[in-house]
Every structure is written in structure tokens, then in C-alpha cells.
Amino acid sequence: MSERDHHELSPADFPGHGMRERSAVYGFFIIMGIGTSAWISRLPTVKATLGLQPSGLALMTILGGCGALIGMLVSGVLTDRLGVRRAMLLAASTWCLGMVIAALAVTLRSVPGVVLGLLFNSAGISLWGTVNTVEAGAVERFSSRSIMPRFHASYSLGMFLALGLGSLLSHLGVAIGAHLAVNALVSLALVVACVLLCPAQPLGDYKGGADDERSDQQAGSGQSSAFGKQLAAWGDALVLILALINVALEASEGAVNDWSGIGLVDAFGVPESQAGLAPTIFAATMIVSRLLGTHLIERLGNMRSLVLTLLVSALGILVYALAPSFVLSLVGTGIWGVGAALGVPIVTTLATKDPAVAAQRASVISTAYYGVSWIIPPAIGFLADHTGVRPALLPLAFLLVAVTLLVPPVSRLTRE
């Protein structure tokens, strides 16, 4: 390996990248938030149009999510082999195809058609998430600053815009099929524009870094292939612990997107346009917290910030689920958003420190969540059939508190 490959990333190594590549990454995150949250904003309409109970909606979602599990198993390998730009185009195209199919199926009131669309949709979004993680981690290392929360803030901004627009279109009576199909096609066009903005050799394709000596040893033992590195990542204690923490964080964030609006409709009888305020407020508080969170992380460090975000998230869920009024439940959603803001960015930073295995580690962490997602959504849905949606979310609060016990081992393994 050359001498150049053994030092940390610096601007001198990649002239012309800087702001141009960072802008492309911001774009990838914003568009992902816009693209995925349009579906979330119309979930109450999907539920009503298809005549589903909470358990039925959960089962449909989990069957459609099988595509994500398959996608995550190969996303690290695909990102390694295709590179950032081509992998991103493949991801966005697959996601767009799935959303168009799902939009048409909802219009036709076909549950199997929706499941088929969600299979493609979730497979694409799983690859998209891995590419985002790898490229954002590389750009953060390049900048030598804690900027990961700001990338995730741009995702939250996309969510906020899409959820707000979804509530407005629902209020205006715009057909759900037209809304979702147009959203998918416009999002794909914007991704293509960001790929063209991204340099021909993105930082995410650079595989040197701090652990080059270990990477050299793996190469000598035949583990340097994409599949070899993928298998090795599954045996890494740090990666597995981070994956468990991420399961709790992603389950919490996914629950507010999937269930918070439906919970308010069921509990207080508010219309969909008002219930949509819950995920919108969640996204808004996440944006602000992620923009300001870089200073908190630099002051407290990753470990203490991670514990804080887990505990505040749990508090937000408790307030949302137990509040006696619609307004107070919305306040709980805001607290939930503040708490959830920094957890996933911190896990992402810790997982992508070594560029040689960043894609594989990101794939393991995401696959672990999607594997557990076979259990979480139907569990919430079936529990909601007996307790109501809001009380069914309470176990997530206890899960978030429990995984704080995993933070000290992460600190020891990362020497932070």
C-alpha cells in the first residue's frame, strides 16, 4: 500500500471536492426524507382506503419490508462494487418503481399490489440508506468535524416538508395515488441531479484510512473481498453492540412515523390533517436539535450524548402515550423528536470511522434493524388492537432505557 493511503483524509488529497460533494450529500439526505415521508403522511388514508385494522396495516408493512431485509444483506457488497454514484442511482430507481406500484395499488384497493410495491420500495431505500451512510461518513472524516447530525438534519428537513405537504394535500382532497406517484418521480429526478453534482470519484469510494494495517492483514488472509469483509463485520463486537443500540433508536423513530398520527386519530378523534401534526412536529424538533447537536456532541462527547438522547427519547414516548389531551400528546412528540435527534448520527459516526469496512458495518447495523422489524411493527399493531395505539408504544420507552447499559462497552471498544 502506498504511503498516501496510510494517512488520514485531508483536503489536499481530494482537490475540488469540499463544498460540492457536501452539497450532494445534503441533497441525498433531503430527497430521501421527502421521498419516504410522503407515504407516511398518507398512512391514515391508506388504512382507511384498504379497510385495514392496525394489525392488518402492520402486517402489510412488515411483508413489504422484506425487500429491505434482502437489500440490506447485499447493500454493503453493492456499494463496494458499484461505487457511490451508481449504487445511489440503482437505489433511487428501485425505490421509485416500488412507490409508483404502491400508489397504483392503493388506488385499485389491492393489498397484494401494495405489498409488491413496498417490496421494491424497501429494497431500494435500504441500499439508499447504506450509500448515504458510507458517503456521509467519508465526508465527515474529510472535514475533521462533527457534521453527521447536520446531514441527518437535512433528512429531517425533507421529512418535515413532505409531511407538511402531505397534510395539506390530504386536507385539499388530492388523490393519494397521484400524490405518491408524482412524489416518487420528482424525487428520482432530484437524485439524478445530485449524482451529477457529486464528483466522479466520491470520498465514499476511498477505502484507505486509520485501520489500513488491519485491512492489509485481511487482504493477505483472503478477507479483502467484499463478501469477506461483510462476513467479518458480522463477527465484530463493536458493530453488533452498535447494531443493538440502533435497533432501539430506529424502532423509536419508525414508530412515530408509522403510528403517532394514527394514535391521535384513534385516541382523540381528530382528522388526518390534524393528526399529521405529530410526525411533522417530530421532524421539526429533530431538524433544530440536529443542527444544534453538533455543539453538544463536541462538548459532551459521543458517549454521554448518546445516553442523553436515549433517555430523552424515552421521556417523549411516555408523555405522548400517557397524555390526557391532544395538545399534550403533541408536546410529547416534540420531546420525542429532541431525544431521537442525535442517536442515529452518533451510531453512524462510530460505525464508519474505518473507511475500509464502512459499507459492511453500515450494512450489518441496518440489516439488524430490518431483521428485528419483522417483530416490532406487528407486535405494536397486535398490541394496539387490545390497548389502543398510544399505550402500545410504551414498551419502546423501556427498550430505550435498557440499551443505555450498552453504551459503556461501546466506549471501551472505541476508546472514547
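Its first residue numbered 1, the sequence shown is counted upward by one per residue in UniProt numbering.
Built from N, CA and C at the ideal position, the CB exists for glycine as well.
| Query | Result |
| --- | --- |
| Cβ-Cβ separation, E135 to G204 (assumed contact under 8 Å), whole Å | 4 Å |
| Between the CA atoms of L396 and A277 - distance to the nearest angstrom | According to the sequence displayed, residue 277 carries Leu and not Ala. Those two C-alpha atoms are separated by around 21 Å. |
| The alpha helix (DSSP H) enclosing A356, as first and last residue numbers | Element bounds for A356: n/a, residue is neither H nor E. |
| Endpoints, alpha helix (DSSP H) assigned at I375 | Run containing I375: none; DSSP gives neither H nor E here. |
| Close-in-space but distant-in-sequence residues of the same chain around V410 (CB under 6 Å, 5 per side omitted) | I241 |
| Exposure of T348, with buried meaning 16 or more beta-carbon neighbours within 10 Å | buried |
| Three-state class that DSSP yields for F147 in the structure shown | Before going on, a small fix: residue 147 reads as Ile here, not Phe. It is coil, neither helix nor strand. |
| Coarse secondary structure for R109, derived from DSSP in three states | coil |
| Proximal residues to G33 (C-beta, below 6 Å), its chain only, five neighbours per side dropped | Y155, G158 and M159 |
| Candidates G388, V256, F151 and I375: closest to V288 by CA position | F151 |
| Which listed residue (A368, L318 and I317) has its alpha carbon closest to that of L69 | A368 |
| Identity of the residue in L315, G388 and L73 nearest S55 by Cα | G388 |
| Environment of M19 [buried if 16+ CB atoms lie within 10 Å] | exposed |
| Whether L63 touches V115 by CB criterion (8 Å) | yes |
| From V256, V270 and H295, residue whose alpha carbon lies closest to that of G316 | V256 |
| Beta carbon of H179 nearer than 8 Å to that of S273 | no |
| Helix, strand or coil at V191 according to DSSP, with G and I counted as helix | helix |
| Rounded Cβ spacing between residue 430 and L118 (contact assumed at less than 8 Å) | Any question about residue 430 goes unanswered here, given that the chain covers just 1 to 416. |
| Chain-order list of residues whose beta-carbon lies under 8 Å from that of L405 (same chain, five-residue window excluded) | none |
| N-terminal and C-terminal residue of the alpha helix (DSSP H) that Q274 is part of | E272 to A275 |
| Straight-line Cα distance separating P391 from V111 | 27 Å |
| Under the three-state DSSP convention, the category Q53 falls into | coil |
| Alpha-carbon spacing of R361 relative to D385, whole angstroms | 37 Å |
| Assigned exposure category for A351 - 16 Cβ within 10 Å defines buried | buried |
| C-beta atoms of A243 and I365 nearer than 8 Å | yes |
| Local conformation of D385 per DSSP, three classes | helix |
| S215, buried or exposed, once every other Cβ within 10 Å from all chains shown has been counted against 16 | Residue confidence is low: S215 scores 44 on pLDDT, short of 50, so the model does not pin down where it sits. Its coordinate-derived value is still stated next. The residue in question, S215, is buried, as its Cβ has 16 or more Cβ neighbours within 10 Å. |
| Cutoff 6 Å; reference V401; Cβ partners in own chain excluding five residues on either side | A314 |
| Sequence-distant residues of its chain with Cβ nearer than 6 Å to G83 (five each side left out) | D205 |
| Per-residue burial, E298 [other beta carbons within 10 Å of its own, 16 or more giving buried] | exposed |
| Assigned exposure category for L393 - 16 Cβ within 10 Å defines buried | buried |
| Sequence-distant residues of its chain with Cβ nearer than 6 Å to K229 (five each side left out) | V357 and Q360 |
| Buried versus exposed call for V327 [16 or more other C-beta atoms within 10 Å across all chains shown] | exposed |
| Proximity test, Cβ basis, 8 Å: W95 and chain B | Structure shown: chain B not included; a single protein chain is present. |
| Buried or exposed by the 16-neighbour rule on C-beta atoms within 10 Å, applied to R412 | exposed |
| For Q201, three-class secondary structure by DSSP | coil |
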